[in-house]
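Enquirer: For reference, the structure I am asking about is given below.
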Amino acid sequence: MDQPDDCSKKTIKKPRTDALDKFTPIVYNWMSLARDEIAQDTFHSIQEMDMCLTESLSNAIVDFHKKETDLKKLKKV
Numbered sequence: 000m001d002q003p004d005d006c007s008k009k010t011i012k013k014p015r016t017d018a019l020d021k022f023t024p025i026v027y028n029w030m031s032l033a034r035d036e037i038a039q040d041t042f043h044s045i046q047e048m049d050m051c052l053t054e055s056l057s058n059a060i061v062d063f064h065k066k067e068t069d070l071k072k073l074k075k076v
């Protein structure tokens, strides 16, 4: 019972900071490039959807006006 605890004898080893210092900027650079690429892909996807929606809305407006004009012609006859 009087024996010292095994945990008190162990020392915690610190990670090699020199390797981490060299590796960390590479990882941050890669993460930044990945974020930029994802953001660019997302922007292009949104831009493409916007163009499709704008075209669909434009076609719907043209169709509406055409049908409205046809309806007015029918009412005159």
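All residue numbers for the sequence shown refer to numbering that gives the first Met the number 0, where the first residue is 0 and numbers rise by one.
Ideal Cβ placement from N, Cα and C applies to all residues, glycine included.
Can you give me the C-alpha to C-alpha distance between Ala38 and Leu32, rounded to a whole angstrom?
Expert: If you take the alpha carbons of Ala38 and Leu32, they lie about 10 Å apart.
Enquirer: Is Val26 helix, strand or coil when you go by DSSP?
Expert: Residue state, collapsed to three classes: helix.
Enquirer: For Ala18, collect the residues of the same chain with a Cβ closer than 6 Å to its Cβ; drop the 5 residues on either side in sequence, then sort them by chain order.
Expert: Result list for Ala18: empty, nothing under 6 Å.
Enquirer: If we ignore side chains and look at the alpha-carbon of each, how far apart do Val26 and Asp49 end up?
Expert: Going by the C-alpha atoms only, they are around 34 Å apart.
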